[in-house]
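Participant: Heads up: the sequence lines are chains Z and S, in that order.
Numbering-wise (our numbering), the first sequence opens with residue 297 and increments by one.
Numbering-wise (our numbering), the second sequence opens with residue 297 and increments by one.
Number of protein chains: 2
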Amino acid sequence: MGDAMGDTMQERRTHAGRGEAMRLLVIEDNRRLASVLKQSLIDAGYAVDTAADGPEGEAFALAAPYDALILDILLPGKDGLAVCRSLRAQRLKMPILMLTARDAVEDRVKGLDSGADDYLVKPFALSELLARLRALLRRDASERGALLTVGDLRLDPASHLVERAGQPIELSARLYALLEYFMRHPNQLLTRDMIESHLWSYDYGGVSNVVDVYVRRLRRQIDDPFAAKLIETVRGVGYRLRTIG
Amino acid sequence: MGDAMGDTMQERRTHAGRGEAMRLLVIEDNRRLASVLKQSLIDAGYAVDTAADGPEGEAFALAAPYDALILDILLPGKDGLAVCRSLRAQRLKMPILMLTARDAVEDRVKGLDSGADDYLVKPFALSELLARLRALLRRDASERGALLTVGDLRLDPASHLVERAGQPIELSARLYALLEYFMRHPNQLLTRDMIESHLWSYDYGGVSNVVDVYVRRLRRQIDDPFAAKLIETVRGVGYRLRTIG
DNA sequence: CGCTGCGTGTCATCTGATTGTCATGTCGCT
DNA sequence: AGCGACATGACAATCAGATGACACGCAGCG
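Written out as structure tokens, the structure is:
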């Protein structure tokens, strides 16, 4: 195995080396941000189109096949949520990455509710965007939007319903997002940093135990009432959702 | 407790799980800030070089591979934005964290525009710098993890799970780091100094038997319960992890 | 308007786990 | 035997995480 640098270079160039570049559509009304994004994505080896408002974006998406969409929530004409729902209604299955303004907690939930596959809170680091994009493109179409299952715990991204051992569980927005993050990475160690930058904006203070507190709340709902505990603490590092006892 | 100390310790823990220190290049003309940064980053477990102006920094970056750059915008010779663009034009893809004294939103966009991955406004808290750095470096690390195997011993960097002969083994953070270090250098003689400088601060007292103690603890968990012993003592020198019986 | 309930994030406190040191026992080499 | 070098168990200080309580903001409602 190569050293860190080698792997980095390799990974970053992956798309450029591919026969066909992955095609992306960026729907973002802020021109400056749109152009920055476009250039960065092109540098990263993608083929990129941009659209500046909802209707235009939707038309683009319907006119040509894209491998993924990057979609701002706040758009003139027709907002990102509506575009997303509309595209899904028309059976378009490509992964959609939503961009949401900071402090819009509701948005995050609605975003996932409307059929988006992931969301990113502004401001974000470009590398984070690229990483999430890689993750989305890597994921097989068949496993996106499918029912997530870990042990006797089930989560349906489409309906937002969660249940364990047949018992329905009600989760607040944050808790739902946290659980979904866990379930999309079963058995994987999630550091506090990773969780924090997924659920809060990446430049969140850093000196806070929000993550601990939310994990505690999640445990109270999905673990406390049951014998087999699913959320494991990895001391000094983070947490992990176990698939097996 | 002082903030700086707390951050240092925390960061060291974070990196304890890694075999090799991450290499950073700091390009900053203010000597005092540069030296404070360098020391703090070293304390945090990174290997750090510094450059005092644009051209020098660029030369450094081109000469050797770094895992990340910390780049001041205001630099003599050639400013940070130009350095950044230039490096990107030369296909260097490592994450770049920009620093600036100006606090206009404009700069953020310009910074990202020139190819930076993240942006930090002076004055900043050291803890924030470290947090963002971790976020930038995390990508490369998390997407790398291949399963490490030595004999019937297996270690998965992604989940931090360790098992021998199918039996799961629970390791504390330090022990995990030690084992990972061993497993990334199988059959290789590791001196006490090497181990000490990888897992503890580079200039650890020297008059301590921490290494012996931790090797003992590791043995208790991965060797004691099994017939074939994997950790070998090389008298007068150090230890070695054997792949063969 | 004020009351109430919910979700969110912060804080202080508590507790077992982890850490590094030390004293002592054991082994291997000359 | 004697000298290091290493192994080992015990120990106190420290720390990371768990946990409960609190304060704030916001939506719904009388």
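Idealized CB from N, CA, C, for every residue including glycine.
Classify glycine 298 (chain S): buried if its beta carbon has 16 or more other beta carbons within 10 angstroms, exposed otherwise.
Facilitator: As a first step, residue 298 (chain S) is located in the second sequence; it is residue number 2 there, counting from the start. Only weak support exists for where glycine 298 (chain S) lies, its pLDDT of 33 falling under 50; the value from the coordinates is given anyway. Answer is exposed; the Cβ neighbour count stays below 16.
Participant: Would you kindly work out how many angstroms separate the C-alpha atoms of arginine 538 (chain Z) and glycine 411 (chain Z), rounded to a whole number?
Facilitator: Taking the first sequence and counting its residues from 1, one reaches residue 538 (chain Z) at position 242. Taking the first sequence and counting its residues from 1, one reaches residue 411 (chain Z) at position 115. Distance between the alpha carbons of arginine 538 (chain Z) and glycine 411 (chain Z): 26 Å.
Participant: Grouping DSSP H, G and I as helix and E and B as strand, with all else coil, what is threonine 310 (chain Z)?
Facilitator: In the first sequence, the residue the question calls residue 310 (chain Z) occupies position 14. For threonine 310 (chain Z), the pLDDT reaches just 42, beneath the cut-off of 50, and the residue's location in the model is therefore unreliable, although a value from the coordinates is still provided. Residue state, collapsed to three classes: helix.
Participant: Give a yes or no on whether the minimum CB-CB distance between glycine 447 (chain Z) and chain S is below 8 Å.
Facilitator: If you number the first sequence from 1, residue 447 (chain Z) lands on position 151. No, no contact with chain S.
Participant: Between the Cα of arginine 381 (chain Z) and those of Z:Ala454, Z:Val344, Z:Thr346, spot the shortest distance and give me the residue it belongs to.
Facilitator: Your numbering for residue 381 (chain Z) matches position 85 in the first sequence. For arginine 381 (chain Z), the nearest C-alpha among the options comes from Z:Ala454.
Participant: Compare the C-beta of leucine 422 (chain Z) with all C-beta atoms of chain S and state if any pair is closer than 8 Å.
Facilitator: Within the first sequence, numbered from 1, the residue matching residue 422 (chain Z) stands at position 126. Taking Cβ atoms only, chain S reaches closer than 8 Å to leucine 422 (chain Z), which makes this a yes.
Participant: If the cut is a Cβ gap below 8 Å, which residues of chain Z does histidine 456 (chain S) touch?
Facilitator: Translated into positions along the second sequence, residue 456 (chain S) becomes position 160. Here the neighbours are Leu485, Val530, Val533, Arg536.
Participant: Using a Cβ-Cβ cut-off of less than 9 Å, give me the residues of the stretch 337–350 of chain Z that come near chain S, in sequence order.
Facilitator: Taking 9 Å as the Cβ-Cβ cut-off against chain S, the residues of the stretch 337–350 of chain Z that qualify are Asp339, Ala340.
Participant: Kindly give me the distance between the Cβ atoms of arginine 430 (chain S) and aspartate 489 (chain Z), rounded to whole angstroms, as I take these residues to be in contact under 8 Å.
Facilitator: On the second sequence, position 134 is the one that residue 430 (chain S) refers to. On the first sequence, position 193 is the one that residue 489 (chain Z) refers to. Right, the Cβ-Cβ distance comes to about 5 Å (below 8 Å), so this counts as a contact.
Participant: Could I get the ranges of all uninterrupted beta strand (DSSP E) runs contained in the stretch 326–350 of chain Z, with 3 residues as the minimum, in chain order?
Facilitator: For the stretch 326–350 of chain Z, whole beta strand (DSSP E) runs of length 3 or above, ordered along the chain, are 343–347.
Participant: Looking at the unbroken alpha helix (DSSP H) that takes in leucine 320 (chain Z), where does it start and where does it end?
Facilitator: As a working note, residue 320 (chain Z) is residue 24 in the first sequence. Leucine 320 (chain Z) -> not in any alpha helix (DSSP H); beta strand (DSSP E) instead, spanning 319–323.
Participant: Please classify glutamine 484 (chain Z) as buried or exposed, where buried requires at least 16 neighbouring CB atoms within 10 angstroms.
Facilitator: In the first sequence, residue 484 (chain Z) corresponds to position 188, counting from 1. So glutamine 484 (chain Z) ends up on the buried side.
Participant: Cβ of arginine 460 (chain S) less than 8 Å from any chain Z Cβ?
Facilitator: For the purposes of this step, residue 460 (chain S) is taken as the residue at position 164 of the second sequence. It does not; no Cβ of chain Z falls within 8 Å.
Participant: The beta strand (DSSP E) that contains alanine 364 (chain S), what's its start and end?
Facilitator: Within the second sequence, residue 364 (chain S) is the residue found at index 68, counting from 1. From DSSP, the beta strand (DSSP E) with alanine 364 (chain S) extends over 364–368.
Participant: Taking three-plus beta-carbon pairs below 8 Å as touching, is the stretch 345–359 of chain Z in contact with the stretch 321–335 of chain Z?
Facilitator: Yes, they touch.
Participant: Considering only their Cβ atoms, is the gap separating leucine 365 (chain Z) from leucine 393 (chain Z) smaller than 8 Å?
Facilitator: Mapped onto the first sequence, residue 393 (chain Z) falls at position 97. Mapped onto the first sequence, residue 365 (chain Z) falls at position 69. Yes. Within cutoff.
Participant: Does the beta-carbon distance from arginine 428 (chain S) to aspartate 414 (chain S) come in below 8 Å?
Facilitator: Along the second sequence, read from residue 1 onward, the residue named residue 428 (chain S) stands at position 132. Along the second sequence, read from residue 1 onward, the residue named residue 414 (chain S) stands at position 118. Closer than 8 Å, so yes.
Participant: Throw me the rounded Cβ distance for the histidine 456 (chain S) and valine 533 (chain Z) pair, which I believe falls under 8 Å.
Facilitator: Position 160 of the second sequence, counting from 1, holds the residue named residue 456 (chain S). Position 237 of the first sequence, counting from 1, holds the residue named residue 533 (chain Z). Sure, about 6 Å apart at Cβ, within 8 Å.
Participant: Using CA atoms only, rank isn't needed, just tell me which of Z:Glu354, Z:Glu466, Z:Arg480 is closest to glycine 376 (chain Z).
Facilitator: As a first step, residue 376 (chain Z) is located in the first sequence; it is residue number 80 there, counting from the start. The shortest C-alpha separation from glycine 376 (chain Z) is found at Z:Glu354.
Participant: Leaving out five residues before and five after arginine 450 (chain S) in sequence, what residues of the same chain have Cβ atoms less than 6 Å from its Cβ?
Facilitator: To locate residue 450 (chain S), count along the second sequence from 1; it is residue 154. Once the five neighbours on either side are set aside, the close Cβ partners of arginine 450 (chain S) are Glu459.
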